[in-house]
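Colleague: The structure's right below; bear with me while I get my questions together.
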Amino acid sequence: MFVGGRTGPEARPGTKILEDVPYDELPHVLERLIPYLSGKRSLAVTPPKQSAESASPVPSHVVT
1 MFVGGRTGPE ARPGTKILED VPYDELPHVL ERLIPYLSGK RSLAVTPPKQ SAESASPVPS
61 HVVT
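In terms of the numbering used here, the sequence shown opens at residue 1 and continues consecutively.
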């Protein structure tokens, strides 16, 4: 998944932020991503806090 970028005389490529997002997870990913990218960060959904013991590793589709 790429964000940003432009077309036209001053075209530039988007920035890769995710890869291999499963199709069935796409609505959930977009729901959380769009408010953040549109500047409405205060409206972005925040995930519940996890303890260090129960924290899962970064999903494989997230580019780090």
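Just so it is clear, CB atoms sit at the ideal spot from N, CA and C, and this is done for glycine as well.
Nothing here was measured: the structure is a model prediction, and the numbers come from that model.
Whole angstroms are fine: how far does the CA of Thr15 sit from the CA of Thr7?
Modeller: As a first step, residue 7 is located in the sequence shown; it is residue number 7 there, counting from the start. As a first step, residue 15 is located in the sequence shown; it is residue number 15 there, counting from the start. For Thr7 and Thr15, the distance between alpha carbons rounds to 14 Å.
Colleague: Over what stretch of residues does the alpha helix (DSSP H) that includes Val29 continue unbroken?
Modeller: Here residue 29 is taken as the residue at index 29 of the sequence shown, counted from 1. Per DSSP, Val29 belongs to the alpha helix (DSSP H) from 26-37.
Colleague: If Leu30 sits next to Val3, beta carbons under 8 Å apart, how far is it from one beta carbon to the other, in whole angstroms?
Modeller: Translated into the one-based positions of the sequence shown, residue 30 becomes position 30. Translated into the one-based positions of the sequence shown, residue 3 becomes position 3. Incorrect: roughly 11 Å between the Cβ atoms, too far for contact.
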